[in-house]
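Peer 1: Handing you a structure now.
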Amino acid sequence: MSGDEITNFGTQPPHGEEKSGFGKVGKWIGTLVVLIALGGGWYWLQNTEQIVIPEDPKPQEENEVAAYFTQTLQDTFVEEVGQPIEGFEPQMFLQVYPGLLPGDFNGVEALQGVYQVQNGEIVFIEIADGPIHSAGRAISRIGMTVLFEQVMTRFDVAEPTQEDVDIVLQFLREPPTLEEGGEIEKIIEPI
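And the structure:
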């Protein structure tokens, strides 16, 4: 090797060869790998099944009247008792609405379970899929809709308006006693 070749060693390829380290065979292999990867990706996308998530057979979406019912219940509790840190539970609403009955909460969904009535008592049944957290017993939005529907059904209100909600909630706040001539069918829930 001459001195000139030694100083330029590795900076320029010898005459007639490619500048890259792959050469012609390496380029063909690289192109082939890219084409196989693209073809495999296309094949995978074409053969991937669409995952269809079925709708839950849960109550109707919360409508304006149900939202009004929920907000009124929650606001009343906050005004009289204070803001709960981890959501609202049945006992909280029973505290400020003594006309609510345990049966009104039967099947009411919570964040990590459901409320059921057993022997006349409201019982929380835990059905958490993930890690248990302290707000797991809080009634969910769907649960509040179930509560709304059950209360309105108990009072035979088929298509409730906000005015109907106000009347029912007033009754639940100050339910008549038997001495006052209250309607026993509306006060005592059939079990």
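128 is the number that our numbering gives to position 114 of the sequence shown; each next residue is one higher, with no gaps.
Ideal placement from N, C-alpha and C gives every residue a C-beta, glycine not left out.
For the segment 160-174 and the segment 77-96, state whether three or more C-beta atom pairs, one from each stretch, are separated by less than 8 Å.
Peer 2: At 8 Å Cβ cutoff, the stretches touch.
Peer 1: In the structure shown, what three-state DSSP assignment does residue 206 receive?
Peer 2: Past the boundaries of the shown model lies residue 206; the chain is included only from 15 to 205, so the question cannot be answered.
Peer 1: Can you list, in chain order, the residues of its chain with a C-beta nearer than 7 Å to that of residue 207? Leave out the 5 residues immediately preceding and following it.
Peer 2: Absent from the structure is residue 207, since the part of the chain shown begins at 15 and ends at 205.
Peer 1: Are the segment 134-146 and the segment 104-123 touching by the rule of at least three beta carbon pairs closer than 8 Å?
Peer 2: These segments touch.
Peer 1: Count the other CB atoms, across all protein chains shown, that sit within 10 Å of the CB of residue 124; report buried if there are 16 or more and exposed otherwise.
Peer 2: Its Cβ being crowded by 16 or more others within 10 Å, residue 124 is buried.
Peer 1: Please identify the residue among 183, 129, 88 whose C-alpha is closest to the C-alpha of residue 169.
Peer 2: Minimum Cα distance to residue 169 is reached at 183.
Peer 1: For residue 153, count the other beta carbons within 10 Å of its own beta carbon; 16 or more makes it buried, fewer makes it exposed. Which is it?
Peer 2: Residue 153 comes out buried.
Peer 1: Would residue 140 and residue 127 be called neighbours here (beta carbons separated by less than 7 Å)?
Peer 2: Their beta carbons are under 7 Å apart, which means residue 140 touches residue 127 by this criterion.
Peer 1: Under a Cβ-count criterion, where at least 16 other Cβ atoms within 10 Å of its own Cβ denotes burial, should residue 52 be classed as buried or exposed?
Peer 2: Exposed.
Peer 1: What's the call for residue 94, buried or exposed, on a 16-neighbour Cβ count within 10 Å?
Peer 2: That one is exposed.
Peer 1: Does DSSP put residue 129 in a helix, a strand or coil?
Peer 2: Residue 129: strand per DSSP, three-state reduction.
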